[in-house]
Each structure stands twice: as structure tokens, then as C-alpha cells.
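Participant:
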Amino acid sequence: MADINFGDCVEVVCNHLGNTYRYSPKANESANIDRGGIRANDDASQVTSNGKMMSQLNRGRWSVEVPVANEDLTYETLNLMAGSPSLGIWQFAMISGEIYKGTGRPVGDISTDSNAGTVSFKVAGAGILEKI
656 MADINFGDCV EVVCNHLGNT YRYSPKANES ANIDRGGIRA NDDASQVTSN GKMMSQLNRG
716 RWSVEVPVAN EDLTYETLNL MAGSPSLGIW QFAMISGEIY KGTGRPVGDI STDSNAGTVS
776 FKVAGAGILE KI
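Counting in my numbering, the final residue of the sequence shown is number 787, and the numbers go up one at a time with none missing.
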């Protein structure tokens, strides 16, 4: 039986409008990965008066959140891509050897942490985050 390996995200790469941007994730920090897809709504009231289950299915986008080192132009390039009408092709490499790939953009807040020297951001896209 194989061991279960997990741990750090070791590299984030985005190809956007012909440019390649590389980001260095901070070691020993969680990368929160939601691969997206179809989900059943978790609502306790989705039952009929005669006890039949009701199911509401919704499509959810994929997303990844991981803090990266605040290197030269990290904040600026993420902010540029967040405001662009064009999506980027993102890859997230994990220390276990897994690589995830999806088309999307930074969404929500992009914030710097002056103590940790990091930039926190979330990338999201439609469909399912592919494991390549």
C-alpha cells in the first residue's frame, strides 16, 4: 500500500496574454484547493411534507488560495490580472508531485502581510480544476 503524501504548494505559474508570471508560495502554509464541479446544496429544509428528499444541484467554480512571497511586482501583476477581461492559465505544483491546472483570474481581496512578507490572494475559474 502506498503512503499518502501531502504538503506545501511549491510553485504557482500563470500564463496571461503572452506573459508568464511565477510566484513562490510560502513554506509550511496551507494551499486551500476547491476543484469545483457540481454540488448538492446543504439545506436542511430541502424535504417535502411527506418526507421525500429534494435536491438542489448547482455548479461551483474551482478556486485556490495560497500565500506567496511578496517579491518584486507580485502585488502589481496579480492586481493587473484581476482587472483584465482576459483569463490566465494557472498551474499549481505541489511538493507531492501533483500539478493542478485551470483557466481563471485572481478574485476578491489581494492583500500584503508586512510581517510575513507574503501576498494573500485567491484564484478562481469555471469548470473543474484539472489534475495533470
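From the three backbone atoms N, C-alpha and C, an ideal C-beta is built for every residue, glycine too. None of these values were measured; they are calculated from a predicted model.
#1: Once DSSP output is grouped into helix, strand and coil, what is the label at Ala-699?
#2: According to DSSP, Gln-746 sits in a beta bridge with which residue or residues?
#3: Using a Cβ-Cβ cut-off of 7 Å (strictly less than) and excluding sequence neighbours within five positions of Ile-783, which residues of its own chain qualify?
#4: Is the distance from the Cβ of Glu-650 to the Cβ of Ala-748 below 9 Å?
#5: When the Cα of Met-708 is compared with those of Arg-714, Arg-760, Ser-700, which residue comes out closest?
#6: Beta-carbon within less than 8 Å of Ala-686's beta-carbon, same chain only, minus the 5 sequence neighbours each way: which residues are those?
#7: Mapping the DSSP letters down to three states, classify Glu-720 as helix, strand or coil.
#8: Does Val-774 pass the burial test, meaning 16 or more other C-beta atoms within 10 Å, or should it be called exposed?
#9: With respect to the alpha helix (DSSP H) encompassing Leu-735, which residues constitute its N-terminal and C-terminal limits?
Facilitator: Working from what's here:
#1: Here residue 699 is taken as the residue at index 44 of the sequence shown, counted from 1. The three-state secondary structure of Ala-699, taken from DSSP, is coil.
#2: As a working note, residue 746 is residue 91 in the sequence shown. BP columns for Gln-746 point to Val-668, Lys-756.
#3: Working through the sequence shown from its first residue, we reach residue 783 at position 128. Taken in chain order, the residues that qualify are Arg-690, Gly-691, Gly-692, Trp-717.
#4: Here the chain covers residues 656 to 787 and nothing more, so residue 650 does not appear.
#5: Locating residue 708 in the sequence shown gives position 53, where the first residue counts as 1. Taking each of Arg-714, Arg-760, Ser-700 in turn and checking the Cα distance to Met-708, the smallest one comes out for Ser-700.
#6: Your numbering for residue 686 matches position 31 in the sequence shown. Cβ neighbours of Ala-686 beyond the five flanking positions: Asp-663, Cys-664, Pro-680, Val-719, Glu-720, Val-721, Phe-747, Met-749.
#7: Along the sequence shown, one-based indexing puts residue 720 at 65. Strand, per DSSP.
#8: Mapped onto the sequence shown, residue 774 falls at position 119. Buried is the call here.
#9: Looking up residue 735 in the sequence shown gives position 80. Annotation: the continuous alpha helix (DSSP H) that includes Leu-735 extends over 729-737.
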